[in-house]
Structure formats: structure tokens, C-alpha cells
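Read through the structure below, which is laid out as C-alpha cells, and then see the notes.
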């Protein structure tokens, strides 16, 4: 059972594995019993480890397992137990800091442990930006992506309409109806006047029926 537990922890949390190995070495060395008249050593712990070798530094192990985060400090478990950074409203505490540790940030962190009255506003802002990429107001502000989406949707729709109209003109070249001809339009106009359509304010109101001309 201990072997299975240690194997699971080693795969998920390498830093905790080093601490467990070191503790097992201490337990193995303190729980030994020596038989009378002999120098044989019986270890009660099922894990036999060399207790003379110190455990590896956690920082070195962290850099070996997660080189992609660089020199950024791991400050918590995170969203999935991995050293990743997220700006999320539902999880405001990422597992690592946004910026890598520098000499300037190290000095500010020393001052941070003391009285905050000694910190200026710029120092507080610098400390915040070192740990977080954006504020709540910044990463929750509307991005306006709907405008971009609506614009490109209308452009695509206009392009499809033009393409369809061009294809229709090529595939179905209809001839112009006779009613669009000049002679037909003149006959239509004469019919509207003879039928007295719009006698008050329309077409017939502008025609002089006595002289047969347009009113001046």
C-alpha cells in the first residue's frame, strides 16, 4: 500500500515525493532494532532507502519537472494542480506568479513583509503586476468582439449575395420585358392620364385635358 501511495504521489507531486522519501529515511533509521550478539539490522519500514543521501532541493526538482515556468514562484495548488497561470473570475488565485522573480521584486517582497505604510502606491502596483497579469476590471471588461463578428458576418453575407447575383445573370440571362421599352412606357402614361389616376395630387392633376398638354 505504501509503495502504491508513493508511486501515485511521485507522478502527481514530485516535490512532496522528495519530502516523503526523506521522512521514510528518518523512520527507517529510528525504527531499527539490533539483535544481541550480532550486528544485523532489521528495518521495520518496507521502503529501504539510503538515509545518508540528502533529499534534492525543491527548487531544483521544480525546475527539472516544470522548466517552462522559468523562475516564477509557485504559490499554491492552482486550478488543476499544475503550475499554470489563468485570469479567471471563478478562480482568482493562480498557482504561479505572472512574472519571474527579479532583484527588484525580491526587495519589494522584503518590504511587503513589514509595515505596508512604508510602501508607496507605485510599489503596491508593482507587486500586484508581478503576481497578476490583469486586474478584475481589465479581464472582465467587454472586448467588443461582437462588433468584429457582426461586421465580418455582414461582409460575408454581402459577398454571397453578389456572387449569387452574378451567377444568376450568367446562368439565367433573361431578356428585358417589353413593358420596359420606351413605346410601352408612353402608352402606360397615356392610359394613366385617360383613366384620371390621381386627379387631386397625382399624375392626372398635372395634365390639362382641354389643351391636351401638361400644365405649366
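Numbering (our numbering), first residue to last: 6 to 221. We put the CB at the ideal spot given by N, CA and C, even for glycine.
### Task
With 8 Å as the threshold, decide whether the Cβ of residue 98 is near any Cβ in chain C.
The structure shown contains no chain C; it is built from a single protein chain.
### Query
Going by the beta-carbon positions, is the gap between residue 223 and residue 103 smaller than 8 Å?
Outside the shown range of the chain, which is 6 to 221, sits residue 223, and nothing can be said about it.
### Query
Could you give the uninterrupted runs of the beta strand (DSSP E) lying entirely in the segment 113 to 175, keeping only those of 3 residues or more?
none
### Task
Would you identify the three-state DSSP class for residue 106, choosing helix, strand or coil?
coil
### Task
Measuring alpha carbon to alpha carbon, tell me which of 176, 117, 172 and 74 ends up nearest residue 99.
74
### Task
Determine the DSSP secondary structure at residue 213, reduced to helix, strand or coil.
strand
### Task
Please say whether residue 210 and residue 217 have beta carbons closer to each other than 8 Å?
no
### Message
Our contact map puts residue 116 next to residue 106 with C-beta atoms below 8 Å; I'd like the distance itself, whole angstroms only.
### Response
About 15 Å separates the two Cβ atoms, so there is no contact after all.
### Query
With a CB to CB cut of under 7 Å and the five nearest residues on each side skipped, what residues in its chain are close to residue 198?
208, 209 and 212
### Message
What residue range does the alpha helix (DSSP H) around residue 198 cover?
### Response
187 to 199
### Spatial distance of residue 139 from residue 167 (CA atoms)
44 Å
### Query
For residue 173, is the classification buried or exposed, using 16 other Cβ atoms within 10 angstroms of its Cβ as the cut-off for buried?
exposed
### Query
To the nearest angstrom, how far is it from the Cα of residue 179 to the Cα of residue 170?
13 Å
### Query
Taking the alpha-carbon positions, what's the residue 112 to residue 119 distance?
12 Å
### Query
Buried or exposed: where does residue 135 fall if 16 or more other Cβ atoms within 10 Å of its Cβ makes it buried?
buried
### Message
Between which residues of its own chain and residue 40 is the CB-CB distance below 6 Å, once the five residues before and five after are set aside?
### Response
Residue confidence is low: residue 40 scores 39 on pLDDT, short of 50, so the model does not pin down where it sits. Its coordinate-derived value is still stated next. Hits under 6 Å: none found.
### Query
To which residues of the same chain is residue 132 closer than 7 Å at the C-beta, ignoring the five residues directly before and after it?
113 and 117
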